[in-house]
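S.K.:
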Amino acid sequence: MSRLVSKKYLLPFILITSLFFMWGFARAILDVLNKHFQEMLHISIGQSALIQATTYLGYFLMALPAGILITRVGYRKGVVTGLLLFALGALLFIPGESMMSFGMFLFALFIIGCGLVILETAANPYATELGEKETAASRLNLAQSFNGLGCILAPVIVGGFLFSTPGSSVSVPYGIMGVAVLLVALVFTRVKLPEISYDEDAKDASNEKESLGDTIRALWSSSTFRFGVIALFFYEIAEISINSLFINYATADGWMDKTTASVVLSFGALGLFMLARIIGSWIMSKVASEKVLVVCGLMTVIGALLVTIDCGWLSRAGVFMCYAFEAIMFPTIFAITIVGAQGHNVKIASSFLMMTPIGGAVGTLLMGQMADLTAVSTAFIIPAIGYAFVLVYALSVALKKQK
Numbered sequence: 048m049s050r051l052v053s054k055k056y057l058l059p060f061i062l063i064t065s066l067f068f069m070w071g072f073a074r075a076i077l078d079v080l081n082k083h084f085q086e087m088l089h090i091s092i093g094q095s096a097l098i099q100a101t102t103y104l105g106y107f108l109m110a111l112p113a114g115i116l117i118t119r120v121g122y123r124k125g126v127v128t129g130l131l132l133f134a135l136g137a138l139l140f141i142p143g144e145s146m147m148s149f150g151m152f153l154f155a156l157f158i159i160g161c162g163l164v165i166l167e168t169a170a171n172p173y174a175t176e177l178g179e180k181e182t183a184a185s186r187l188n189l190a191q192s193f194n195g196l197g198c199i200l201a202p203v204i205v206g207g208f209l210f211s212t213p214g215s216s217v218s219v220p221y222g223i224m225g226v227a228v229l230l231v232a233l234v235f236t237r238v239k240l241p242e243i244s245y246d247e248d249a250k251d252a253s254n255e256k257e258s259l260g261d262t263i264r265a266l267w268s269s270s271t272f273r274f275g276v277i278a279l280f281f282y283e284i285a286e287i288s289i290n291s292l293f294i295n296y297a298t299a300d301g302w303m304d305k306t307t308a309s310v311v312l313s314f315g316a317l318g319l320f321m322l323a324r325i326i327g328s329w330i331m332s333k334v335a336s337e338k339v340l341v342v343c344g345l346m347t348v349i350g351a352l353l354v355t356i357d358c359g360w361l362s363r364a365g366v367f368m369c370y371a372f373e374a375i376m377f378p379t380i381f382a383i384t385i386v387g388a389q390g391h392n393v394k395i396a397s398s399f400l401m402m403t404p405i406g407g408a409v410g411t412l413l414m415g416q417m418a419d420l421t422a423v424s425t426a427f428i429i430p431a432i433g434y435a436f437v438l439v440y441a442l443s444v445a446l447k448k449q450k
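This note's numbering puts the first residue of the sequence shown at 48, with every later residue one more than the last.
(1) DSSP state of E283, grouped into three classes?
(2) Measure the alpha-carbon distance for L233 versus R123 and round it to whole angstroms.
(3) With distances taken Cα to Cα, identify the nearest neighbour of S216 among L153, A113 and S145.
(4) Looking only at its own chain, which residues have a Cβ that is under 6 Å from the Cβ of N334, when we skip the five neighbours before and after it?
(5) Looking at the unbroken alpha helix (DSSP H) that takes in G143, where does it start and where does it end?
(6) Evaluate contact between the region 97-107 and the region 300-316, counting only Cβ atoms and requiring at least three cross-stretch pairs below 8 Å.
(7) When DSSP labels each residue in this structure, what does V439 get in the three-state scheme?
(8) Can you give me the start and stop residues for the alpha helix (DSSP H) that G82 sits inside?
(9) Determine the direct distance from the alpha carbon of T403 to that of F154, and round the result to whole angstroms.
(10) What are the boundary residues of the alpha helix (DSSP H) that includes M402?
(11) Have a look at A441, G71 and L88 and flag the residue whose alpha-carbon is nearest the alpha-carbon of T384.
(12) If I'm right that V354 touches F235 with Cβ under 8 Å, what's the distance once you round it to whole angstroms?
(13) Counting only the same chain and skipping the five closest in sequence on each side, list residues whose C-beta sits under 6 Å from that of T379.
(14) Would you check if the distance between the CB atom of G410 and the CB atom of I375 is smaller than 7 Å?
(15) Can you tell me whether L217 is helix, strand or coil according to DSSP?
(16) Around the Cβ of D300, are there at least 16 other Cβ atoms within 10 angstroms (buried) or fewer (exposed)?
(17) Taking three-plus beta-carbon pairs below 8 Å as touching, is the region 102-118 in contact with the region 160-174?
(18) Let me know the secondary structure DSSP gives N254 once reduced to three states.
(19) Among residues of its own chain, excluding the 5 on either side of A422, which ones have a beta-carbon nearer than 6 Å to its beta-carbon?
(20) Could you give the first and the last residue of the continuous alpha helix (DSSP H) run that contains W267?
(21) Kindly indicate which three-state DSSP category I159 falls into: helix, strand or coil?
(22) Roughly how many angstroms separate the alpha carbons of N254 and L266, rounded to a whole number?
(23) Can you tell me which of the three DSSP states K451 falls into?
(24) At the level of alpha carbons, what is the spacing between A285 and T168?
(25) Between which two residues does the alpha helix (DSSP H) harbouring I356 extend?
(26) Helix, strand or coil for V423, going by three-state DSSP, please let me know.
(27) Report the rounded CA-to-CA distance for K239 versus F60, giving the unit in angstroms.
(28) The alpha helix (DSSP H) spanning F320 covers which residue range?
(29) Whole angstroms are fine: how far does the CA of I115 sit from the CA of S258?
(30) Nearest to G222 by CA position, among L322, F399, Y370 and I159, is which residue?
(31) Given a cut-off of 7 Å on the beta-carbon distance, is the pair L66 and A137 in contact?
(32) Helix, strand or coil: which one does DSSP assign to S53?
(33) For C198, collect the residues of the same chain with a Cβ closer than 6 Å to its Cβ; drop the 5 residues on either side in sequence, then sort them by chain order.
(34) Determine the direct distance from the alpha carbon of G344 to that of A435, and round the result to whole angstroms.
(35) Do F399 and V276 come within 7 Å of each other at the CB atom, strictly closer than that value?
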């Protein structure tokens, strides 16, 4: 750790890394809520898809303000703001359950989404700066591994609680989470975090007349940036919608009960995802990232189509193919897209990239509606389309690099 993070930055790095775990945990709970709300509130799969839609609408609407906020007030105040919104949304589950109001639950999830996008916009660039530039990628990979840990633990802990006993209170895990997040926010108000000065900050400060609109126009004038944002949007369509309906798919034909499905989602699917990301990072240290992305794009399309044709164990294997080969997509597309953005532009560019989880809301809504009209397996055509676009993007990048 001393080589990866300098001693003076060790405590800030530990605190920032805790945020990766927290938003991974919070996002993974959504995949359990889909099935739980279907039974508790007697709603359809299509209606429960509003859980993801509302949360990621918060991401979409708050992403750009988050980048502006962090640019103006600094990382620490930005993180505290994100944590307070996160805690408020979690605690709103208590009145939501007393009212048994789906609308109140959705409002709470929207507030949580607004808080999480601030945390993600702040923590990703901050983690890379807490030490030598040569070890920045390793630091970020280490921090992201705790995001994966949160994703693995949430379905099995919360799913085990909600599915093991009929009538379990959803406000209990969210109430505990809300109090825990408030305590973390209190810690961040008491501990001094060093502010990071980018090399381009001085240049940006001397050009204060440049408006936000000028910055946005400069970013969107780049075809690499435009295509990358769209590709990330389609990736989120695939990744989030599959997570959202995994339990529904696993229980649809009696393959698993819902408790077993939540455990398999945690340790099987998301555990495989985390392992594949580690292996993929090692492979990309030896093979060009765009070539790896092409292979992964092709394999995920095949996996999703296998599920769509509903051919027994082969289709079930296809689901896990998607988890294994999608693992490197987000960081790879993100890295390719962010190239060229400098100084404060990095924060604004990151904000646009953090809007893309709204694709998960779109994908989940479409997949839920199709599952209600046909079957959950047939609805996997939606993520197949998302992966196909990523494959086209990867091929275009690979061909461009060859020229």
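By construction, the Cβ of each residue, glycine as well, lies at the ideal position given by its N, Cα and C atoms. The model shown is predicted, which means the values in this text are computed figures rather than measured ones.
M.R.: The relevant details are as follows:
(1) helix
(2) 11 Å
(3) S145
(4) According to the sequence shown, residue 334 is Val rather than Asn. Excluding residues within five positions, none has a Cβ falling inside 6 Å.
(5) F140 to M146
(6) no
(7) helix
(8) It is Lys, not Gly, that sits at residue 82 in the sequence shown. From DSSP, the alpha helix (DSSP H) with K82 extends over L57 to M87.
(9) 20 Å
(10) From DSSP, M402 is part of no alpha helix (DSSP H); its letter is neither H nor E.
(11) A441
(12) Rounded, the Cβ-Cβ distance is 42 Å, inconsistent with contact.
(13) S336 and L340
(14) no
(15) Per the sequence shown, residue 217 should be read as Val rather than Leu. In the structure shown, V217 sits in coil (DSSP, three-state: anything other than H, G, I, E or B).
(16) exposed
(17) yes
(18) Any answer about N254 is weak, because its pLDDT of 47 lies below 50 and its placement is not dependable; what the coordinates show is given next. Three-state result, N254: coil.
(19) none
(20) L259 to W267
(21) helix
(22) Low local confidence applies: a pLDDT of 47 at N254 is under 50, so the model's placement there is unreliable, with the coordinate-based value given in what follows. Taking the straight line from one Cα to the other gives about 16 Å.
(23) With the chain running from 48 to 450 in the structure shown, residue 451 is simply not present.
(24) 22 Å
(25) From DSSP, I356 is part of no alpha helix (DSSP H); its letter is neither H nor E.
(26) coil
(27) 12 Å
(28) G318 to M331
(29) 12 Å
(30) I159
(31) no
(32) coil
(33) G71, A75 and L317
(34) 7 Å
(35) yes
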